[in-house]
Amino acid sequence: MTQPVLLRQSFQIAAMTALQSMVPWLVAVASLYACARFDAVPFEPSSYSIVVISVMCLILIEAPRDVTLQLASDRLPAATGVIARWLLVLAGLGAVNLLTEILQELPRRVIWSWVLVTPFGLVGATLLVQAMMRRVLLRASGHRTAIFAGYNEGSLMLAHRIRDNPVLCLKVEGFFDDRSADRLGAETDPELKGALSELVGYVNDQHIDVIFIALPIRHVQRVVTLLDELRDTTASIYYAPDIFMFDLIQARSGDIQGFPVVAMCETPFYGYRGVSKRITDVVLASGMLVALSPFLGLIALLVKFTSPGPALFTQRRYGLDGREIGVYKFRSMTVSEDGAQVTQASRSDPRITPVGRVLRRLSLDELPQLFNVLQGSMSLVGPRPHAVAHNELYRKLIKGYMLRHKVLPGITGLAQVSGCRGETANLEDMEARVRFDLEYLRHWTPMLDFKIMLLTAIKMFRDEQAY
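Numbering-wise, the working numbering puts 160 at position 150 of the sequence shown, and it's gapless, one number per residue.
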């Protein structure tokens, strides 16, 4: 939510914004002056070094100008943000000093005392300004009133979040919807004010500040009509479509060359997230291959000399965006099926070799997929890739099945550590696995990946569904 919707424009807001912008710079310069005076060193504001330090502090240490961020931030995030910006200042000064040696004008003891003392002043001043802003700006007189066009899951959720967050400075007055109260299940809800046709009159009579249009996307013509009617008011209008009727994956809003768009189904690995995921995969997979290389060689020899056939085989699977990839595995059966029909392994499958049974029990047959990770066709964590034949079968039977291919397939995944491992004897088994895969897409974080890897290591010796 953007700042204009939150607070009434006033001199107080302008003053507070200017204050939060200038205080960090003032503290940094005042701290340098105090350190110089304490060490009996002349402080010449016009000197080249002081001017450069002041300019860099003014540019790099400035607090975020969004009042909402200042109001909503807890003390710890606010303090860490200040420290991060201070370190950026020091890095910038260090780079400039390497090129120009500007800091030679000041004694080294002054510089070091300034570097160590200033963060305490910055954190204290930032928290003080934040407390002042909360005290002044969160008064009820500064709040704006809001109503919703549309009574549905989306509008109720947004209204609930507004009420639970006083820093949003909004007071929800009610809802308007063309459906009757009994149809909406809101017979006892006093906030259901009336039909959409009554909304404009209510806005003008009650001097409502903000209107959220939360009608379903399919009612686009009604939205257009309502926007036209609302031109006779001075209220701010925000479109908050009821997108919760859809199965959203990594939903977020943004713009393309200034044109607003809402992502409703997207990979979680966009931007820096994808970079961090890939770096983690490469670093960990490389380390594991180096550490396990003697063990991998021993497994290959055992497979090769205990049953006829190759030690390794490649099976066709679907990878990122449904593109076909070759997945490496240690052979654990007397056959290497990869055709139009692939029979899943069962608990007492006669095709599994004695060595293969141990490998499958401990998931050691999957270790060659570390090479897939280095190739970039797989990740350490993600939805497990299924045989092409199984993909073609289940994509017709399970809604949203192919969405699991929005990310790289993984050696292990949320479904596997949640009990959905082994043979999918019926459709319900595969549906459960797909539900966990999509849950992974919705809620991915780096910590979730590490949690899954840790659980995988624990379950290697305890999972009764591995065979």
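Just so you know, even glycine gets a beta-carbon here, dropped at the ideal spot from N, CA and C.
All values derive from a computational prediction rather than experimental measurement.
| query | result |
| --- | --- |
| Residues in its own chain within less than 7 Å of Val-313 by CB, not counting five upstream and five downstream? | Ala-321, Phe-340, Arg-341, Val-365 |
| With H, G and I counted as helix, E and B as strand and the rest as coil, what does DSSP make of Ala-397? | strand |
| Take the Cβ of Gly-184 as the centre, count every other Cβ of all protein chains shown within 10 Å, and call the residue buried at 16 or more, exposed below. | buried |
| Please classify Ile-462 as buried or exposed, where buried requires at least 16 other C-beta atoms within 10 Å of its C-beta. | buried |
| Which of the three DSSP states is assigned to Lys-314 in this structure? | helix |
| Between the stretch 411-420 and the stretch 220-228, do at least 3 Cβ pairs fall closer than 8 Å? | no |
| Is the beta carbon of Asn-107 sitting closer than 8 Å to the one on Leu-116? | no |
| Exposed or buried, Arg-327, counting other C-beta atoms within 10 Å across all chains shown (16 or more means buried)? | buried |
| Would you kindly check if the distance between the Cβ of Leu-98 and the Cβ of Leu-492 is under 8 Å? | Nothing in the structure corresponds to residue 492, since the chain is present only between 11 and 477. |
| Once DSSP output is grouped into helix, strand and coil, what is the label at Thr-290? | helix |
| Using 8 Å for Cβ pairs, my map puts Leu-240 next to Ile-247. What's the rounded Cβ distance? | 6 Å |
| Could you pull the DSSP bridge partners for Lys-181 from this structure? | Thr-155 |
| Measure the alpha-carbon distance for Phe-440 versus His-153 and round it to whole angstroms. | Correcting the residue identity first, residue 440 is Met in this sequence and not Phe. Distance between the alpha carbons of Met-440 and His-153: 51 Å. |
| Can you check DSSP and say which residues form a bridge with Thr-422? | Val-391 |
| What residue does the alpha helix (DSSP H) around Glu-163 start on, and which one ends it? | 163-174 |
| Does DSSP put Gln-325 in a helix, in a strand, or in coil? | strand |
| How many angstroms separate the CA atom of Trp-438 from the CA atom of Ala-397? | For the record, residue 438 in the displayed sequence is Glu; it is not Trp. Between Glu-438 and Ala-397, the C-alpha separation is close to 18 Å. |
| Checking the sheet assignment: what are the DSSP bridge partners for Ile-335? | Arg-327 |
| Provide the residue span of the beta strand (DSSP E) that contains Lys-203, from first to last. | 202-204 |
| Under 8 Å Cβ to Cβ from Pro-34, same chain only, skipping five residues before and after it: list those, please. | Cys-67, Ile-71, Glu-72, Ala-73, Val-92, Arg-95, Leu-132, Ala-135, Thr-136 |
| Of the choices Ser-31, Leu-29, Ile-63, whose alpha-carbon is the least far from that of Tyr-43? | Ile-63 |
| Exposed or buried, what is Lys-287 when buried is set at 16 or more other beta-carbons lying within 10 Å of its beta-carbon? | buried |
| By the three-class DSSP mapping on this structure, what secondary structure does Tyr-282 have? | helix |
| By how many angstroms is the C-alpha of Val-139 removed from the C-alpha of Leu-36? | 13 Å |
| According to DSSP, is Ile-69 helix, strand or coil? | helix |
| Comparing C-alpha positions only, which one of Ala-159, Pro-200, Phe-323, Leu-294 sits nearest to Ala-250? | Ala-159 |
| I'd like to know if the stretch 376-395 and the stretch 288-305 are in contact, where contact means that at least 3 CB-CB pairs between them fall below 8 Å. | yes |
| Quick one, which of Leu-403, Gly-336, Gln-260 has its alpha-carbon nearest Ala-273's? | Gln-260 |
| Quick one: what does DSSP say Ser-342 is sitting in, helix, strand or coil? | coil |
| Return the Cβ separation of Gly-329 and Pro-395 in integer angstroms, given the expectation that the two are a contact with Cβ distance under 8 Å. | 7 Å |
| Excluding the five sequence neighbours on either side, which residues of its own chain have a C-beta within less than 6 Å of the C-beta of Asp-375, listed in chain order? | Lys-339, Phe-340, Ser-342, Leu-369 |
| In this structure, what does DSSP give as the bridge partners for Cys-275? | Ile-259 |
| Going by DSSP, which residues form a beta bridge with Ile-221? | Ile-157, Ile-247 |
| Taking the CB atoms as reference points, tell me whether Met-470 and Leu-372 lie closer together than 8 Å. | yes |
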